[in-house]
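For reference, the structure is listed below as structure tokens.
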Amino acid sequence: MSQVQSTTGPALQQEGPFKTFLRATEIDTRMLGMIGALLLIWIGFHVYGAYANGAGNFLTARNLWNLSVQTAAITVMATGMVLIIVTRHIDLSVGAMLGVTAMMMAVLQVWVLPNWLGIGHPAIWIITVIFGLIVGSIIGTFQGYLIAYLEIPSFIVTLGGLLVWRGAAWLVARGETIAPIDETFSLIGGGPYGSIGVTASWVVAVIACVGVAWMLAGARKQRARFGFPMRPTWAEFFIGGVSMLVILAATYVMNSYPWPKGIIKQYAAAHNLDPATLVVGHGWAIPVLIALAVVLAMTFMTTRTKFGRYVFAMGGNPEAAELAGINTRRLTMLIFTLMGFLVGIAAAISSARLKAATADLGRNDELYVIAAAVIGGTSLAGGSGTIYGAMIGALVMQSLYSGMVLVGFDAAIQNMVVGGVLVLAVYVDTVYRRHAK
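Here's what the structure looks like:
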């Protein structure tokens, strides 16, 4: 009990109110900085659009819904990139891996399975997704083996992979665009039918809020059990309240984006309804829910499992980790296998969203994925990084890209901005680590 009092009592009274607040709530200052930058980007593009076009169109339900869908695939891959960078490696091939995986999935569901099972068979999308996950995992395992056991630098292996898998994506169908993909599979990419609707979205939001309360209560119980310092009760309520408010506000925005009029007419005609009185909100898109599920699973894996502890121990000091009995080679290969598995998920989302597969699918995604992880606080020096930070970083990167498209920036300027933001993020990480010592 004295340990708790020393953490929340006189020591905090000697600090300013802001530092006292941060210490009591244990909020990461870098996360606050990322959220502040994200809000600044959103407001900036909205105000610029209002000034240039007479009406701001960034902070609208439609754009924010589309932004969430566009961010999903990058978020999924960025969670895996965090582990790779934490262990002092890099993967430059994720975009090309996505391209070849998506092409092979498309060939399977468009050219192969319909001949065996029949067009529209309900098992086609299931077999396709499993196949994509296996293909991505095999590619990731192969690259991980070269890096871990043959001791080829990850930069060289994945740079070669970028070229090899991009060429393989073209060879799969000789550069043809493969379409249309299975209708059920296409729901993974979002769209009016690829969303869960208003009612289901509120149900998910309520479950998520209950989950937040349960996790906070469980964490507090664990702290008390092991005698760790406890957060003040007001801090627990503050964190829980803000988290629930964000969940409910995001759900309200997702539900506020209605179906397009053309889709409404088709739906009304199919169900003998009057389109003039029918209003249907999108709700949470399926790819966004998949991305959030991946973020939760990866967060649990990195913070609550032996695998996660080993990853950060290896990233902090590889020699010490090996001396401690950690099989660093096997761990490295498993990390790249996991990265390939996540690329398989992202390939399903990207090709389903496009409703087709092309040889260029995923081009330059490696830049956005690495930038998302670094902007999210993952240190290139290894040993530190967070999954939720990568998610926010992916949202920052996609917000920049989408905002520049909305206001009409040239593609050249878009690339320059992305490159500049990446360099700035690395500089901020360097300064942060220097002051943290």
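Heads up: the sequence shown begins at 976 in this note's numbering, then just goes up one per residue. Where is the CB? At the ideal position from N, CA and C, for every residue including glycine. Here the structure is a predicted model, which is why all the values come from computation and not from measurement.
Who are the near neighbours of Q1373 in its chain, counting only those whose CB is closer than 7 Å to its CB and skipping five residues on each side?
-> Sequence index remark: in the sequence shown, residue 1373 carries index 398 (1-based). Only L1042, Q1045, T1046 and I1049 meet the Cβ criterion.
Any idea what DSSP makes of I1002, helix, strand or coil?
-> Numbered from 1 along the sequence shown, position 27 holds the residue referred to as residue 1002. DSSP places I1002 in coil when its eight states are reduced to three.
By a C-beta neighbour count over all protein chains shown, 10 Å radius and 16 as the cutoff for buried, is A1400 buried or exposed?
-> Along the sequence shown, read from residue 1 onward, the residue named residue 1400 stands at position 425. Burial check for A1400: the Cβ neighbour count within 10 Å reaches 16 or more, so the residue is buried.
So, using beta-carbon positions, are L1375 and V1396 closer together than 8 Å?
-> Sequence index remark: in the sequence shown, residue 1375 carries index 400 (1-based). Sequence index remark: in the sequence shown, residue 1396 carries index 421 (1-based). V1396 sits close to L1375, with the two beta carbons spaced by under 8 Å.
Could you tell me the boundaries of the alpha helix (DSSP H) in which Q1084 lies?
-> Start at 1 with the first residue of the sequence shown, and residue 1084 comes out as number 109. First-last for Q1084: undefined, no H or E at that position.
On the premise that I1156 lies in contact with V1085, defined as a C-beta separation below 8 Å, what is that separation, rounded to the nearest angstrom?
-> Within the sequence shown, residue 1085 is the residue found at index 110, counting from 1. Within the sequence shown, residue 1156 is the residue found at index 181, counting from 1. The C-beta distance from V1085 to I1156 rounds to 6 Å, short enough to fall under 8 Å.
Coarse secondary structure for G1256, derived from DSSP in three states = Here the question's residue 1256 lines up with position 281 in the sequence shown. Residue state, collapsed to three classes: strand.
Anyone know if the C-beta pair for M1072 and I1127 falls short of 8 Å?
-> The residue labelled residue 1072 in the question sits at position 97 within the sequence shown. The residue labelled residue 1127 in the question sits at position 152 within the sequence shown. Between M1072 and I1127, the C-beta gap is not smaller than 8 Å, which leaves the two residues out of contact.
Nearest-angstrom beta carbon gap, F1316 and G1111 [assumed within contact, 8 Å] = Looking up residue 1111 in the sequence shown gives position 136. Looking up residue 1316 in the sequence shown gives position 341. With 8 Å as the limit, G1111 and F1316 qualify as a contact, their Cβ atoms being about 6 Å apart.
First and last residue of the alpha helix (DSSP H) that includes L1271?
-> Position 296 of the sequence shown holds residue 1271. Here the alpha helix (DSSP H) through L1271 covers I1261 to R1279.
Would you be able to state if there are at least three C-beta pairs under 8 Å between the segment 1334–1354 and the segment 1030–1038?
-> No: the two stretches stay apart, fewer than three of their Cβ pairs being nearer than 8 Å.
Using the C-alpha atoms, what's the distance from R1063 back to M1289?
-> Position 314 of the sequence shown, counted from the start, is the residue given in the question as residue 1289. Position 88 of the sequence shown, counted from the start, is the residue given in the question as residue 1063. For M1289 and R1063, the gap between their C-alpha atoms comes out near 9 Å.
How is A1098 classed by DSSP in three states: helix, strand or coil?
-> Residue mapping note: residue 1098 aligns to position 123 of the sequence shown, counting from 1. Secondary structure of A1098 (DSSP, three-state): coil.
Between which two residues does the alpha helix (DSSP H) containing N1038 stretch?
-> Residue numbering aside, residue 1038 sits at position 63 when the sequence shown is read from its first letter. N1038 -> alpha helix (DSSP H) spans A1036 to V1061.
Verify whether the separation of the beta carbon atoms of M1009 and I1367 is less than 8 Å.
-> The sequence position of residue 1009 within the sequence shown is 34, counting from 1. The sequence position of residue 1367 within the sequence shown is 392, counting from 1. Yes. Within cutoff.
Could you name the residues that DSSP lists as bridge partners for P1233?
-> Within the sequence shown, residue 1233 is the residue found at index 258, counting from 1. Its beta-bridge partners are G1256.
To the nearest angstrom, how far is it from the Cα of G991 to the Cα of R998?
-> Looking up residue 991 in the sequence shown gives position 16. Looking up residue 998 in the sequence shown gives position 23. So the alpha carbons of these two residues sit roughly 11 Å apart.
Contact test: P1128 Cβ vs the ligand SAM heavy atom, cutoff 7 Å | Absence of the ligand SAM is noted for the structure shown, with no ligands found whatsoever.
In chain order, what residues of the same chain lie with their CB nearer than 7 Å to the CB of A1199, ignoring the 5 residues before and after it?
-> One-based indexing of the sequence shown puts residue 1199 at position 224. Around A1199: M1205.
By Cβ distance below 6 Å, which residues in the same chain neighbour S1377 in space, the five residues on each side in sequence not counted?
-> One-based indexing of the sequence shown puts residue 1377 at position 402. The answer, listed in chain order, is L1042.
Please determine if the segment 1170–1180 and the segment 1213–1228 are in contact, where contact requires at least 3 C-beta pairs separated by less than 8 Å.
-> Short answer: they touch.
Collapsed DSSP secondary structure at I1153 in the structure displayed = Residue mapping note: residue 1153 aligns to position 178 of the sequence shown, counting from 1. Looking at I1153 - three-state DSSP - the assignment turns out to be strand.
Closest by C-alpha distance to L1191, when choosing among P1097, E1211, T1274 and A1036 | If you number the sequence shown from 1, residue 1191 lands on position 216. Of P1097, E1211, T1274 and A1036, the residue nearest in Cα terms is E1211.
For D1404, the nearest candidate out of T1103, F996 and R1005 (CA to CA) | In the sequence shown, residue 1404 corresponds to position 429, counting from 1. Comparing Cα positions, the closest option is R1005.
Assuming G1165 contacts P1293 under a Cβ cut-off of 8 Å, what Cβ separation, rounded to an integer in Å, is found between them?
-> Counting from one through the sequence shown, the residue named residue 1165 turns up at place 190. Counting from one through the sequence shown, the residue named residue 1293 turns up at place 318. Actually they do not touch by this definition, with Cβ atoms about 40 Å apart.
Between the C-alpha atoms of G1291 and T1353, what's the straight-line distance to the nearest angstrom?
-> Position 316 of the sequence shown, counted from the first residue, corresponds to residue 1291. Position 378 of the sequence shown, counted from the first residue, corresponds to residue 1353. Those two C-alpha atoms are separated by around 12 Å.
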